[in-house]
Amino acid sequence: MAWLRCEHTIKKTSSEFPIRKVLTTIGRATGNDLVLDDPMIAPTHANLMRSGTATTVALLGAGELYLNGRRVKSATLAEGDKLLVGAWQLTFGEGEPVATTTAEQTGLQLDVLERLVLLSDDMMRDTSPNRLFATMLAGILELTGAEKGFVIVFRAGQRQLAASHNVADEQLDLGKVSDSILEQVVQTLQPVIVSDAMHDARFGRAQSVVDLRLSSVMALPLIYRKDLLGVLYLGNDKVTSLFKERDLKLVKVFAAQASLVVYHALALNQLRTDNKNLRTQLAAAAQGEMIGTHASMKEMFRVIRRVAPSDLSVLVLGETGTGKELVAKEIHALSQRKAGPFVAINCGAIPENLLESELFGHKKGSFTGAVNDKVGKVESAGGGTLFLDEIGEMPMNLQVKLLRVLQERVIERVGELAPRPVDIRVVAATNKDLAELIKSGQFREDLYYRLNEISVSLPPLRDRGEDIAVLAQYFMNRFREQYGARPTGFTNQALQAMKSYYWPGNVRELENRVKKAVIMSDRPLLNPDDLGLDGGQKREVVPLAQAEEDFKMNYIRQVLDLNAWNKAQTARDLGVDARTIFRYIEKFQQAE
10 MAWLRCEHTI KKTSSEFPIR KVLTTIGRAT GNDLVLDDPM IAPTHANLMR SGTATTVALL
70 GAGELYLNGR RVKSATLAEG DKLLVGAWQL TFGEGEPVAT TTAEQTGLQL DVLERLVLLS
130 DDMMRDTSPN RLFATMLAGI LELTGAEKGF VIVFRAGQRQ LAASHNVADE QLDLGKVSDS
190 ILEQVVQTLQ PVIVSDAMHD ARFGRAQSVV DLRLSSVMAL PLIYRKDLLG VLYLGNDKVT
250 SLFKERDLKL VKVFAAQASL VVYHALALNQ LRTDNKNLRT QLAAAAQGEM IGTHASMKEM
310 FRVIRRVAPS DLSVLVLGET GTGKELVAKE IHALSQRKAG PFVAINCGAI PENLLESELF
370 GHKKGSFTGA VNDKVGKVES AGGGTLFLDE IGEMPMNLQV KLLRVLQERV IERVGELAPR
430 PVDIRVVAAT NKDLAELIKS GQFREDLYYR LNEISVSLPP LRDRGEDIAV LAQYFMNRFR
490 EQYGARPTGF TNQALQAMKS YYWPGNVREL ENRVKKAVIM SDRPLLNPDD LGLDGGQKRE
550 VVPLAQAEED FKMNYIRQVL DLNAWNKAQT ARDLGVDART IFRYIEKFQQ AE
């Protein structure tokens, strides 16, 4: 078979053109058999005539044609003859084309490596997926000399055209990308090269080959580890630019590097999207500084919003670490008193002999150590909100004085006889069962009703379902930014461990465990052992019948408390016979 090696003397590109026809036309116009892109070449510049084993070249028109340095109008070609047409040198040969010399190959490889380095730098600077794909495609088109190219990516199970380029400005879409070529790459995860597409038995009738008039096609998978990110699809419509195995080797090197960059760009983009979604989710789930999407939290938020504008006293109920002070702060922030002070005092953290002075203040000289007049917490909260944490720990003698504050809105400092008016709203909190304390004589019933004009119940963290993961990620983001730490999320095992854990310390314990793990771990994703949950306290799973019975006992006790243990009213509220209430009261007594 006769052939021409076509080399551009300026661009330093080369390719082989097989001479298969009796008459082969050469020129700049796309209708020629051999299209040479050069403005110095006529639309139809010359032709080749095959007669037996002889090949003759003839100039058409007034252009220029050189054979081995001599200007000619026609000549019979011999092995190794060199034709110069414009900037193109065409070397004639018989049989198989001669391989590129070692020196030429080394020079080509160095040029390719330089381009790959530059292209990698360009890609590393651009983390926007769309711009990244466009940069990648433009670079590979320049490297290979391909006229047309596509980047097809897989997102959410769908194939999408991420970037495309066509020198003829044709509109490209997935409908013009050959399913047969694409499917082979997707199924085998191996590249496909079709050097002579129009005469290829497998792909000669492929839709893209026909519609886009491609003479040569090359398609490669973009793979990171074992994940298929997409497909790089290149095509040429000039027979002087048929793809060869060396082009495939070049593109495979590029594709490996590009896949790494693309993967990390997509991962970064996904992380940004996830963070944006998380911020949106957190904003939607937040009530002030509190976060929660569980039904119990939404109901609590609703109660807070309804009660906050009033001046009712509020009793906040919940286990240790559930966030009772946050509830009090949010009630204050949504109230008419938000411009006033928010004053908090922990009734269980101050010794009994000092608590009265802390609450109500004292007069200078009223007791040993009282060297100055002191304003107490109640008076300091004037015009605002007083938060009494751990109210169940307050001594009985001070409960009487607090009751007077709530009834008459006056205080007396220690050592003073004259009352001082105060304008405050009281929010109290406890993790104790005040009804039981009333029964045992440790808490005043009249004070209980003054404090409990309305109650807000905080659910324990273990009962809040998906809120655990949302809160954990919230704390993760906060501490990662605060400490410049590496972790960005949790493994599935860690998420499951957090859901299964009992959380005796509730949200405060979760915050502390995540904080410690973020600071101490070098992993990008935290494991159960990072959180100290590899052998942690898990929730007890009880039979359904027992769980149902426990719920009934707790619920009936709550309704009895609401009705001041009026059994008949409780039975009416619950729609049951009074004997049922008496039966459960007996169970309460037996349990005690």
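Take the sequence shown: its letter number 141 is residue 150 in the working numbering, and every next letter is one higher.
Beta carbons: idealized from backbone N, C-alpha and C, even for Gly.
Shown here, L152 sits in a helix according to DSSP, grouped into three states. In the DSSP assignment, Q98 falls within the unbroken beta strand (DSSP E) covering W97 to E103. Note that the C-beta distance between H17 and A143 is not below 8 Å.
Partner residues in the beta bridge of P27, as assigned by DSSP, are W12.
Here I359 carries a coil assignment [DSSP, helix/strand/coil]. Annotated as proximal: L519 and F484, with beta-carbon spacing under 8 Å. If you check the CB distance, T22 and G154 come in under 8 Å.
Taking 8 Å as the cut-off, the beta carbon of S375 is found no closer than this to the beta carbon of V431. Looking only at L535, A526 and Y511, the smallest Cα-Cα distance to Q502 is reached by L535. Taking a cut-off of 8 Å on C-beta distances, the region 467-480 touches the region 500-516, as three or more cross pairs fall below it. The three-state secondary structure of M403, taken from DSSP, is coil. Using a 10 angstroms sphere on the CB of D586, the tally of other CB atoms stays under 16, which defines it as exposed. For a cut-off of 8 Å, the C-beta gap from E388 to I420 is around 6 Å, short enough to register as a contact. By the CB criterion at 8 Å, L191 and F263 fall outside the cutoff. In the DSSP assignment, the residues bridged to D236 are Y233.
For I313, the enclosing alpha helix (DSSP H) stretches over residues A304 to V316. By the CB criterion at 8 Å, E73 and R79 fall outside the cutoff. DSSP places I50 outside both helix and strand once states are collapsed to three, so it counts as coil. Taking one beta carbon from each stretch, the region 304-318 and the region 336-343 have 3 or more pairs nearer than 8 Å; the two touch. The beta carbons of L326 and L460 sit about 11 Å from each other, so the pair does not count as a contact at 8 Å.
Contact check for V516 against I313 fails: the beta carbons are separated by 8 Å or more. When C-alpha distances from F252 are compared across V271, D236 and E156, the shortest belongs to E156. Residue state for T579 is assigned as helix, using DSSP reduced to three classes. Residue burial annotation: G392 is exposed, with fewer than 16 other C-beta atoms found within 10 angstroms of its C-beta.
In the DSSP assignment, S83 falls outside any alpha helix (DSSP H) and within the unbroken beta strand (DSSP E) covering S83 to T85.
Rounded to whole angstroms, the gap between the alpha carbons of K347 and L237 is 56 Å.
The C-alpha of E367 lies about 15 Å from the C-alpha of V414.
Secondary structure note for A67: its beta strand (DSSP E) is the uninterrupted segment A63 to L68. Taken atom to atom, the span from the alpha-carbon of N406 to that of N362 is near 11 Å. Residues of the same chain with their beta carbon placed closer than 6 Å to that of G61 are lacking, with the five preceding and five following residues left out of the count.
The beta carbon of F488 sits closer than 8 Å to those of A494, V523, K524, V527 and I528, all from its chain and outside the five residues before and after it, given in chain order. When the alpha-carbon of Q199 is set against those of M227, C356, G158 and N175, the nearest one is in M227.
Counting only runs of at least 4 residues, the region 447-479 fully encloses the following alpha helix (DSSP H) elements, listed from N- to C-terminal order: 454-460.
Here V66 is near A55, since their CB atoms are less than 8 Å apart. M49 and R59 have their C-alpha atoms spaced approximately 26 Å apart. In the DSSP assignment, D559 falls within the alpha helix (DSSP H) that extends over L553 to L571.
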